[in-house]
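Quick note on the working numbering: the sequence shown kicks off at -10 and runs consecutively.
Data first, discussion second: the structure below is written as C-alpha coordinates.
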Amino acid sequence: MYPAFAANAFQTKLAYRNQVFSSFFGELVMVFARIAIWTAVYAGTASVDGITLADMVTYAILAGTVMAAWNPSHLIRDIGEAVKTGDVAVFLLKPLHYPLYLFSSQCGILVFNVLTTVIPVTAILALTYGIMPPASLFHALFFPAFWALSFVILFLLGAACGLLAFWLMTAHALEWFLTGILSLFSGNLLPIWFFPPVLAVVARYLPFAWIGFYPTAVYLGKLSPGETLLFFGIGLFWACLLALGVALLWSATRHRLVVQGG
-10 MYPAFAANAF
0 QTKLAYRNQV
10 FSSFFGELVM
20 VFARIAIWTA
30 VYAGTASVDG
40 ITLADMVTYA
50 ILAGTVMAAW
60 NPSHLIRDIG
70 EAVKTGDVAV
80 FLLKPLHYPL
90 YLFSSQCGIL
100 VFNVLTTVIP
110 VTAILALTYG
120 IMPPASLFHA
130 LFFPAFWALS
140 FVILFLLGAA
150 CGLLAFWLMT
160 AHALEWFLTG
170 ILSLFSGNLL
180 PIWFFPPVLA
190 VVARYLPFAW
200 IGFYPTAVYL
210 GKLSPGETLL
220 FFGIGLFWAC
230 LLALGVALLW
240 SATRHRLVVQ
250 GG
(Lines of atoms letter the chains of each structure in order from A and count residues from 1; the text may use other names and numbers.)
(Lines give C-alpha, C1' and ligand atoms only; values in the text may rest on other atoms or scores of the structure.)
Protein backbone atom coordinates (compact mmCIF):
# COMPACT_ATOMS: atom_id res chain seq x y z
CA MET A 1 0.00 0.00 0.00
CA TYR A 2 2.69 2.51 0.99
CA PRO A 3 4.87 1.96 -2.11
CA ALA A 4 1.74 2.73 -4.13
CA PHE A 5 1.45 6.08 -2.34
CA ALA A 6 5.08 6.83 -3.27
CA ALA A 7 4.43 5.91 -6.91
CA ASN A 8 1.30 8.05 -6.97
CA ALA A 9 3.19 11.07 -5.59
CA PHE A 10 5.87 10.57 -8.25
CA GLN A 11 3.27 10.45 -11.04
CA THR A 12 1.48 13.51 -9.67
CA LYS A 13 4.69 15.54 -9.89
CA LEU A 14 5.00 14.56 -13.56
CA ALA A 15 1.84 16.54 -14.30
CA TYR A 16 3.49 19.84 -13.32
CA ARG A 17 6.13 20.22 -16.03
CA ASN A 18 6.51 23.98 -15.65
CA GLN A 19 7.32 23.48 -11.99
CA VAL A 20 10.05 21.03 -12.98
CA PHE A 21 11.74 23.59 -15.23
CA SER A 22 11.43 26.37 -12.66
CA SER A 23 12.91 24.16 -9.93
CA PHE A 24 15.76 23.14 -12.22
CA PHE A 25 16.75 26.68 -13.20
CA GLY A 26 16.15 28.04 -9.70
CA GLU A 27 18.44 25.42 -8.17
CA LEU A 28 21.07 26.00 -10.83
CA VAL A 29 21.15 29.76 -10.31
CA MET A 30 21.23 29.40 -6.51
CA VAL A 31 24.24 27.09 -6.53
CA PHE A 32 26.03 29.26 -9.11
CA ALA A 33 25.55 32.17 -6.70
CA ARG A 34 26.91 30.18 -3.76
CA ILE A 35 30.01 29.19 -5.71
CA ALA A 36 30.53 32.81 -6.79
CA ILE A 37 30.38 33.93 -3.16
CA TRP A 38 32.91 31.35 -1.98
CA THR A 39 35.19 32.17 -4.92
CA ALA A 40 35.15 35.83 -3.86
CA VAL A 41 35.75 34.90 -0.20
CA TYR A 42 38.78 32.77 -1.12
CA ALA A 43 40.27 35.33 -3.52
CA GLY A 44 44.02 35.27 -2.94
CA THR A 45 43.70 32.68 -0.15
CA ALA A 46 44.77 29.06 -0.53
CA SER A 47 42.77 27.74 2.42
CA VAL A 48 40.87 28.83 5.52
CA ASP A 49 41.22 26.62 8.61
CA GLY A 50 42.39 23.80 6.34
CA ILE A 51 39.39 24.12 4.00
CA THR A 52 40.36 24.88 0.39
CA LEU A 53 38.33 26.58 -2.33
CA ALA A 54 37.97 23.22 -4.11
CA ASP A 55 36.45 21.83 -0.89
CA MET A 56 33.95 24.67 -0.71
CA VAL A 57 32.99 24.43 -4.39
CA THR A 58 32.22 20.74 -3.89
CA TYR A 59 30.48 21.54 -0.61
CA ALA A 60 28.32 24.18 -2.32
CA ILE A 61 27.35 21.78 -5.11
CA LEU A 62 26.45 18.93 -2.76
CA ALA A 63 24.69 21.12 -0.18
CA GLY A 64 22.82 23.04 -2.86
CA THR A 65 21.63 20.03 -4.86
CA VAL A 66 21.91 16.62 -3.22
CA MET A 67 21.25 17.77 0.34
CA ALA A 68 18.49 20.13 -0.83
CA ALA A 69 16.65 17.49 -2.87
CA TRP A 70 13.64 17.71 -0.57
CA ASN A 71 12.06 20.69 1.19
CA PRO A 72 9.87 20.19 4.29
CA SER A 73 7.95 23.40 3.61
CA HIS A 74 5.58 21.66 1.18
CA LEU A 75 4.87 18.91 3.71
CA ILE A 76 4.07 21.42 6.45
CA ARG A 77 1.82 23.40 4.11
CA ASP A 78 -0.03 20.26 3.00
CA ILE A 79 -0.70 19.21 6.59
CA GLY A 80 -1.78 22.74 7.49
CA GLU A 81 -4.16 22.85 4.54
CA ALA A 82 -5.59 19.45 5.49
CA VAL A 83 -6.22 20.76 8.99
CA LYS A 84 -8.00 23.87 7.71
CA THR A 85 -10.23 21.97 5.27
CA GLY A 86 -10.83 19.01 7.57
CA ASP A 87 -9.58 16.56 4.91
CA VAL A 88 -7.19 15.03 7.44
CA ALA A 89 -10.18 13.43 9.19
CA VAL A 90 -10.62 11.18 6.16
CA PHE A 91 -7.34 9.43 6.97
CA LEU A 92 -8.79 8.28 10.31
CA LEU A 93 -11.33 6.24 8.35
CA LYS A 94 -8.70 4.50 6.22
CA PRO A 95 -6.64 1.45 7.24
CA LEU A 96 -3.35 3.31 7.20
CA HIS A 97 -0.98 5.19 9.46
CA TYR A 98 -1.02 8.88 8.54
CA PRO A 99 2.68 9.63 9.26
CA LEU A 100 3.71 6.56 7.23
CA TYR A 101 1.45 7.71 4.41
CA LEU A 102 3.16 11.11 4.49
CA PHE A 103 6.61 9.49 4.52
CA SER A 104 5.77 7.28 1.53
CA SER A 105 4.45 10.20 -0.47
CA GLN A 106 7.49 12.32 0.29
CA CYS A 107 9.79 9.47 -0.75
CA GLY A 108 8.11 9.52 -4.15
CA ILE A 109 8.65 13.27 -4.38
CA LEU A 110 12.28 12.86 -3.32
CA VAL A 111 12.96 10.34 -6.09
CA PHE A 112 11.29 12.65 -8.61
CA ASN A 113 13.42 15.62 -7.50
CA VAL A 114 16.59 13.56 -7.69
CA LEU A 115 15.88 12.49 -11.27
CA THR A 116 14.66 15.84 -12.61
CA THR A 117 16.73 18.36 -10.65
CA VAL A 118 19.56 16.94 -8.56
CA ILE A 119 21.26 14.79 -11.19
CA PRO A 120 21.13 17.27 -14.13
CA VAL A 121 22.06 20.29 -11.98
CA THR A 122 24.95 18.45 -10.34
CA ALA A 123 26.19 17.26 -13.75
CA ILE A 124 26.15 20.80 -15.19
CA LEU A 125 27.94 22.26 -12.18
CA ALA A 126 30.49 19.47 -12.11
CA LEU A 127 31.31 20.05 -15.78
CA THR A 128 31.50 23.81 -15.21
CA TYR A 129 33.48 24.02 -11.98
CA GLY A 130 34.62 20.48 -11.33
CA ILE A 131 33.71 18.42 -8.29
CA MET A 132 36.07 16.53 -6.01
CA PRO A 133 35.62 12.74 -5.79
CA PRO A 134 34.87 11.14 -2.40
CA ALA A 135 37.88 11.15 -0.10
CA SER A 136 38.02 7.34 0.00
CA LEU A 137 35.96 4.25 -0.69
CA PHE A 138 34.89 4.22 2.96
CA HIS A 139 33.61 7.78 2.75
CA ALA A 140 31.98 7.08 -0.63
CA LEU A 141 30.00 4.22 0.91
CA PHE A 142 28.90 6.19 3.95
CA PHE A 143 27.87 9.32 2.06
CA PRO A 144 24.59 7.85 0.71
CA ALA A 145 23.90 6.37 4.16
CA PHE A 146 24.27 9.82 5.73
CA TRP A 147 22.17 11.31 2.94
CA ALA A 148 19.33 8.85 3.55
CA LEU A 149 19.57 9.55 7.28
CA SER A 150 19.43 13.29 6.60
CA PHE A 151 16.19 12.86 4.64
CA VAL A 152 14.63 10.82 7.46
CA ILE A 153 15.58 13.40 10.08
CA LEU A 154 14.38 16.28 7.91
CA PHE A 155 11.08 14.52 7.23
CA LEU A 156 10.54 13.84 10.94
CA LEU A 157 11.22 17.49 11.79
CA GLY A 158 8.79 18.61 9.08
CA ALA A 159 6.14 16.09 10.16
CA ALA A 160 6.43 17.20 13.79
CA CYS A 161 6.00 20.86 12.83
CA GLY A 162 3.08 19.94 10.56
CA LEU A 163 1.28 17.98 13.27
CA LEU A 164 1.65 20.91 15.67
CA ALA A 165 -0.69 22.76 13.33
CA PHE A 166 -3.54 20.77 14.93
CA TRP A 167 -3.03 22.86 18.04
CA LEU A 168 -2.06 26.18 16.45
CA MET A 169 -4.59 25.80 13.60
CA THR A 170 -2.01 27.26 11.20
CA ALA A 171 1.20 25.96 9.69
CA HIS A 172 2.61 29.23 8.33
CA ALA A 173 4.54 30.21 11.46
CA LEU A 174 5.82 26.65 11.90
CA GLU A 175 7.14 26.59 8.35
CA TRP A 176 9.03 29.85 8.83
CA PHE A 177 10.38 28.69 12.19
CA LEU A 178 11.80 25.44 10.81
CA THR A 179 13.17 27.17 7.71
CA GLY A 180 15.01 29.71 9.86
CA ILE A 181 16.46 27.06 12.17
CA LEU A 182 17.63 24.96 9.22
CA SER A 183 19.21 27.96 7.49
CA LEU A 184 21.35 28.58 10.57
CA PHE A 185 22.20 25.14 11.96
CA SER A 186 22.00 22.65 9.06
CA GLY A 187 25.25 23.80 7.50
CA ASN A 188 23.77 24.02 4.03
CA LEU A 189 24.56 27.72 3.72
CA LEU A 190 27.53 28.06 6.09
CA PRO A 191 29.51 24.98 7.14
CA ILE A 192 29.84 24.48 10.88
CA TRP A 193 33.63 24.68 10.38
CA PHE A 194 33.27 28.45 10.17
CA PHE A 195 30.95 28.87 13.17
CA PRO A 196 32.23 30.64 16.30
CA PRO A 197 33.82 27.98 18.56
CA VAL A 198 31.12 27.97 21.25
CA LEU A 199 28.26 27.88 18.73
CA ALA A 200 30.05 25.19 16.70
CA VAL A 201 30.27 22.88 19.72
CA VAL A 202 26.51 23.13 20.24
CA ALA A 203 25.58 22.97 16.54
CA ARG A 204 27.59 19.80 15.94
CA TYR A 205 25.28 17.78 18.20
CA LEU A 206 21.92 19.22 17.18
CA PRO A 207 19.88 17.06 14.75
CA PHE A 208 19.99 19.82 12.12
CA ALA A 209 23.71 19.20 11.50
CA TRP A 210 22.89 15.76 10.04
CA ILE A 211 20.69 17.38 7.38
CA GLY A 212 23.50 19.12 5.53
CA PHE A 213 26.81 19.37 7.30
CA TYR A 214 27.76 15.80 8.21
CA PRO A 215 26.86 14.09 4.92
CA THR A 216 28.94 16.62 2.98
CA ALA A 217 31.79 16.52 5.50
CA VAL A 218 31.88 12.73 5.17
CA TYR A 219 32.03 12.98 1.37
CA LEU A 220 35.00 15.36 1.62
CA GLY A 221 36.76 13.13 4.15
CA LYS A 222 36.74 15.73 6.92
CA LEU A 223 35.72 13.02 9.39
CA SER A 224 37.92 10.03 10.17
CA PRO A 225 36.40 6.54 9.90
CA GLY A 226 35.95 6.46 13.67
CA GLU A 227 34.28 9.86 13.73
CA THR A 228 32.09 8.86 10.78
CA LEU A 229 30.78 5.81 12.63
CA LEU A 230 30.31 7.78 15.83
CA PHE A 231 28.32 10.59 14.25
CA PHE A 232 26.29 8.14 12.17
CA GLY A 233 25.29 6.42 15.40
CA ILE A 234 24.36 9.75 16.98
CA GLY A 235 22.31 10.57 13.89
CA LEU A 236 20.44 7.27 14.21
CA PHE A 237 19.73 8.12 17.83
CA TRP A 238 18.25 11.48 16.79
CA ALA A 239 16.16 9.77 14.10
CA CYS A 240 14.75 7.26 16.60
CA LEU A 241 14.06 10.01 19.13
CA LEU A 242 12.28 12.16 16.55
CA ALA A 243 10.31 9.17 15.25
CA LEU A 244 9.11 8.48 18.79
CA GLY A 245 8.16 12.13 19.15
CA VAL A 246 6.16 12.08 15.91
CA ALA A 247 4.41 8.86 16.94
CA LEU A 248 3.42 10.32 20.30
CA LEU A 249 2.36 13.58 18.67
CA TRP A 250 0.17 11.73 16.15
CA SER A 251 -1.39 9.69 18.95
CA ALA A 252 -2.28 12.87 20.81
CA THR A 253 -3.51 14.43 17.57
CA ARG A 254 -5.89 11.54 16.90
CA HIS A 255 -7.50 12.03 20.31
CA ARG A 256 -7.77 15.74 19.64
CA LEU A 257 -9.50 15.06 16.32
CA VAL A 258 -12.00 12.74 18.02
CA VAL A 259 -12.88 15.49 20.52
CA GLN A 260 -13.30 18.08 17.77
CA GLY A 261 -15.51 15.71 15.85
CA GLY A 262 -17.87 15.44 18.78
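All residues carry an ideal CB built from backbone N, CA and C; glycine is no exception.
Residue 64 and residue 94 have their alpha carbons spaced roughly 10 Å apart. As a beta-bridge residue in DSSP terms, residue 40 pairs with 37. Under the 8 Å Cβ criterion, the region 5 to 25 does not count as touching the region 157 to 168, having fewer than three qualifying pairs. Contact between the region 30 to 46 and the region 64 to 73 is absent: fewer than three C-beta pairs spanning the two stretches fall below 8 Å. Around the beta carbon of residue 24, 16 or more other beta carbons lie within 10 angstroms, which makes this residue buried.
Between the region -3 to 14 and the region 86 to 101, the count of Cβ pairs shorter than 8 Å is three or higher; the stretches touch.
Excluding its 5 nearest sequence neighbours in each direction, residue 205 has C-beta neighbours in its own chain below 6 Å: 48, 51, 52, listed in chain order. Put simply, the region 172 to 187 does not touch the region 96 to 114. Fewer than three CB pairs are less than 8 Å apart. Taking the Cα positions, residue 189 is about 10 Å away from residue 195.
By the neighbour-count definition (other C-beta atoms within 10 Å, threshold 16), residue 211 is a buried residue. DSSP, read as helix, strand or coil, puts residue 63 in helix.
For a cut-off of 8 Å, the C-beta gap from residue 131 to residue 221 is around 7 Å, short enough to register as a contact.
Burial state of residue 200 is buried, judged by a 10 Å Cβ sphere holding 16 or more other Cβ atoms. In the three-state DSSP reduction, residue 5 falls in the coil class, being neither helix nor strand.
Secondary structure of residue 83 (DSSP, three-state): coil. A distance below 8 Å separates the beta carbons of residue 177 and residue 57.
Between residue 154 and residue 163, the C-beta gap is smaller than 8 Å, which places the two residues in contact. Between residue 202 and residue 106, the C-beta gap is not smaller than 8 Å, which leaves the two residues out of contact. Each residue's CA atom was taken as its position, placing residue 11 and residue 114 some 17 Å apart. In the DSSP assignment, residue 168 falls within the alpha helix (DSSP H) that extends over 161 to 174.
By the criterion of a C-beta distance shorter than 7 Å, residue 40 is surrounded in its chain by 182, once the five residues flanking it on both sides are discounted. Within the model, the alpha-carbon separation for residue 123 versus residue 129 is close to 5 Å. Within 10 angstroms of the beta-carbon of residue 110 lie 16 or more other beta-carbons, which makes it buried. For residue 187, the enclosing alpha helix (DSSP H) begins and ends at 186 to 192. Every alpha helix (DSSP H) of 4 residues or more that sits fully in the region 91 to 168 is shown, in chain order, as 108 to 118, 126 to 152, 154 to 157. For residue 103, the closest of 243, 125, 54 by C-alpha to C-alpha distance is 54.
Straight across, the Cα-Cα distance linking residue 174 with residue 191 is about 10 Å.
With at least 16 other beta carbons inside 10 angstroms of its own, residue 208 counts as buried.
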